[in-house]
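Participant: Just so we're aligned, residue 1464 is where the sequence shown starts under our numbering, counting upward by one.
My questions will all concern the structure given below.
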Amino acid sequence: MKKFLLSILTVLYMTVSSGIAMEIHYCMGERAGADFYGSSSDKCGKCGMTEQNKKGCCHDDNKFFKLADSHKKAANDFSFFQHEILPVPSYALYNWNIPVAGANTITNNNSPPGYQPPPARILHGVFRI
């Protein structure tokens, strides 16, 4: 039901936004007929007068009805960069050099060599054959 209603609204909107052409026929000062996208006929259906006679009682008015174009294109002008002036930090005068330890340091590493943790299958108890 929603798709059906949406399709009807879409067709209606497309019709109104693209425009409708009407041809209104007047005979003897009164409106005799109206056609949508109609082609003009050579004779009047009411009095039988031909179209070539411009001074006669019949005439046609062509009107075009269209919805006002108030659509705007979406603006994609978002900027990731903030163009502002950042203050320069001022650091106190300090000797930032780290003193180097003596070259004769002794390491006391008593861990077993080449230790590797158990595989995940043993750690989680998954024994597949």
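Where is the CB? At the ideal position from N, CA and C, for every residue including glycine.
(1) With DSSP run on the structure shown, which of helix, strand or coil describes Thr1513?
(2) Three or more C-beta pairs closer than 8 Å, one from the region 1464-1479 and one from the region 1488-1499: is that the case here?
(3) Check the DSSP bridge columns for Asp1524 and list the partner residues they point to.
(4) Let me confirm a value: Cys1521 is counted as buried when at least 16 other C-beta atoms fall within 10 Å, else exposed. Which label applies?
(5) Any idea what DSSP makes of Ala1538, helix, strand or coil?
(6) Suppose you measure from the CA of Leu1556 to the CA of Glu1547; what does that come to, to the nearest Å?
Facilitator: The answer reads as follows:
(1) Along the sequence shown, read from residue 1 onward, the residue named residue 1513 stands at position 50. The three-state secondary structure of Thr1513, taken from DSSP, is strand.
(2) With a cut-off of 8 Å, the region 1488-1499 and the region 1464-1479 do not count as touching, because too few Cβ pairs lie within range.
(3) Residue mapping note: residue 1524 aligns to position 61 of the sequence shown, counting from 1. Partner residues in the beta bridge of Asp1524, as assigned by DSSP, are Ile1487.
(4) Residue 1521 sits at position 58 when you count from the first residue of the sequence shown. With 16 or more other Cβ atoms from the protein chains shown falling within 10 Å of its own Cβ, Cys1521 counts as buried.
(5) Position 75 of the sequence shown, counted from the first residue, corresponds to residue 1538. Of the three classes helix, strand and coil, the one that applies to Ala1538 here is coil, per DSSP.
(6) Counting from one through the sequence shown, the residue named residue 1556 turns up at place 93. Counting from one through the sequence shown, the residue named residue 1547 turns up at place 84. Taking the straight line from one Cα to the other gives about 28 Å.
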